[in-house]
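In my numbering, the protein residues as written are 1 to 511.
Backbone N, C-alpha and C define an ideal beta-carbon position, used for all residues, glycine too.
Note that the structure is a prediction, hence the values are computed from the model and not measured.
Inspection log for the structure reproduced underneath, given as structure tokens.
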Ligand code: KIV
Ligand code: ZN
């Protein structure tokens, strides 16, 4: 059996199924390029048949990425497979991932299909996919609750039809590691020609065991793991890429496997995905959480100072933490700025976007003496490429809060070229600011999330704000960063509103 483990990232597909995480084409391209830099083997870029926007985004990712295989999901029917096949055409290496549910409950209640019809549809889909590519993956949705004999039958049939990767998903996050490892072992032992394909696993985190189950499947013989950055994904999410990869690397003594991942790109990838989707990373999250490498107890600190490995099983640097490295200051020029962005892997694509980012950097340097890598990330991560086309822009803001008085916010907002002056009171300055913005936007949107994170240490840190708004079944996230968190909040709210009114914005991919 091979000692290579393939990493299949589905942040742009399963990850995008998280509420409010739907991404624009440009955002997908930026994440895909970072995944390529990270060394991901296969990038599942979307679900082509879901909408023309999805298909277009997959095509654009396929054009932009050279080193990773680009994959589209497709249900086992002609329309989906053809849409996937067309979307991956520009890819240097393209894969079609077709799936159908195989558990009794899904076949009977959801598909309303007889098991024989399910096998027939799976075989037909795999054969049709063969018209577009040799790289075909088949998934048995809800394999965790499927009968072993039926899985053996359908996997045998799709391998004969041309499938090269067989994926065994725990769609509902129901398994436990010992059983999941055993299931993989049994399948590999019973399915004819199992040595001719790559076995894969795809685990959801409903019981918090997605990573443990994925690793158990690897011990049972799987050589591909499907995962997402920060564990993003449907409901409780998918297995987190960073945890799977670092477990395989740190416990090489147990697994004896290699991946192609450049682990120093893990933290930059995590930050990019978090900023674009608006999903913050919990501080105590393994590998990419802000506290993952900080030692509070005196005994631990003493131990680490004497010998790092007393309490650290991997180094912060190995996963890309730069320890708030002081990088640039007020006097730094455009070249130094460009070089550092390039080193961090966040250099904007166009000179125009670079110039705009440099102008924002100069503004920030006027307010904040020391600029860290984290500040630069916050600065360039917001997509300003469509700034000129955005409907709402913040011109100025004044917020007053005083003990015993209701806070008040006065704003000037540019609404499609017209400057509007508004004022509102609120329970706090942020509440007053949002109420004032609503006097212009009249959005009727429901505020579903408001969160603030300090980008770096210290009270002069930038605050990075995420706002999630919902209206008529659409959910969007907006971000804003500034040393003044009221201004950051206003920017985040306006950015969410701009997405709500933007024609380019895609609806929830599987709505
Ligand atoms: O969770 C799941 O079963 C899936 C399949 C489409 C692979 O996402
Ligand atoms: Zn899934």
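- Remark: the C-beta of residue 19 is outside contact range of ligand 1, defined as less than 6 Å to any heavy atom.
- Residue environment analysis places residue 214 among the buried positions, since at least 16 neighbouring C-beta atoms fall within 10 angstroms of its C-beta.
- Scanning the segment 96-175 for uninterrupted alpha helix (DSSP H) segments of 4 residues or longer gives 115-129, 148-161, listed from N- to C-terminal end.
- Judged by DSSP in its simplified three-state form, residue 439 adopts helix.
- The Cβ atoms of residue 455 and residue 462 lie closer than 7 Å to each other.
- With a threshold of 6 Å, the Cβ atom of residue 78 does not count as near ligand 1, since no heavy atom of the ligand is closer than that.
- Proximity to residue 468 across 304, 460, 359, 489 peaks at 489, based on C-alpha coordinates.
- With fewer than 16 other Cβ atoms from the protein chains shown falling within 10 Å of its own Cβ, residue 105 counts as exposed.
- The continuous beta strand (DSSP E) containing residue 450 extends over residues 446-454.
- Apart from the 5 residues on each side of it in sequence, residue 434 sits with its Cβ closer than 6 Å to the Cβ of 493 in its chain, given in chain order.
- With a beta-carbon spacing of about 5 Å, residue 500 and residue 476 fall inside the 8 Å limit used to define contacts.
- Ranked by Cα distance from residue 453, the options 473, 446, 485, 341 are led by 485.
- Proximity of the beta carbon of residue 14 to ligand 2 is indicated: a heavy atom of the ligand is located closer than 6 Å.
- The three-state reading of DSSP puts residue 20 in coil, since its state is none of H, G, I, E or B.
- With distances taken between CA atoms, residue 118 lies nearest to 138 out of 252, 131, 138, 425.
- Within a 10 Å sphere around the beta-carbon of residue 283 sit fewer than 16 other beta-carbons, which makes this residue exposed.
- Sequence-distant Cβ neighbours of residue 34 in its own chain, meaning closer than 6 Å and more than five residues away, are 269, 272.
- Take the alpha-carbon of residue 317 and the one of residue 355: they are about 30 Å apart.
- Just measuring C-alpha positions, the residue of 88, 168, 31 sitting nearest residue 47 is 88.
- When beta bridges are read from the DSSP output, residue 425 appears opposite 408.
- In the structure shown, the three-state DSSP call for residue 83 is helix.
- Under a 10 Å Cβ-count criterion, residue 69 is classified as buried, with 16 or more other Cβ atoms of the shown protein chains found around its own Cβ.
- Residue environment: residue 399 is assigned as buried (16 or more neighbouring CB atoms within 10 Å of its CB, all protein chains considered).
- Around the beta carbon of residue 238, 16 or more other beta carbons lie within 10 angstroms, which makes this residue buried.
- Less than 7 Å separates the beta-carbon of residue 8 from that of residue 42.
- For residue 293, the secondary structure class from DSSP, reduced to helix, strand or coil, is coil.
- Of 297, 264, 407, the smallest CA-CA separation from residue 246 is found for 264.
- A residue is called buried once 16 or more other Cβ atoms fall within 10 Å of its Cβ, and residue 395, having fewer, is exposed.
- Of the candidates 3, 108, 62, the residue whose Cα lies closest to the Cα of residue 90 is 62.
- The three-state secondary structure of residue 392, taken from DSSP, is strand.
- Ranked by Cα distance from residue 497, the first of 120, 71, 207, 478 is 478.
- Across the structure, residue 152 and residue 187 are spaced so that their CA atoms are roughly 7 Å apart.
- The beta strand (DSSP E) runs of length 3 or more contained entirely in the segment 299-334 are, from start to end of the chain, 326-328.
- About 6 Å separates the Cβ atoms of residue 357 and residue 379, confirming a contact at the 8 Å cut-off.
- Two segments are said to touch when three or more pairs of C-beta atoms, one from each, lie closer than 8 Å; by this definition the segment 188-201 touches the segment 157-177.
- Residue 141 has its Cβ nearer than 6 Å to a heavy atom of ligand 1.
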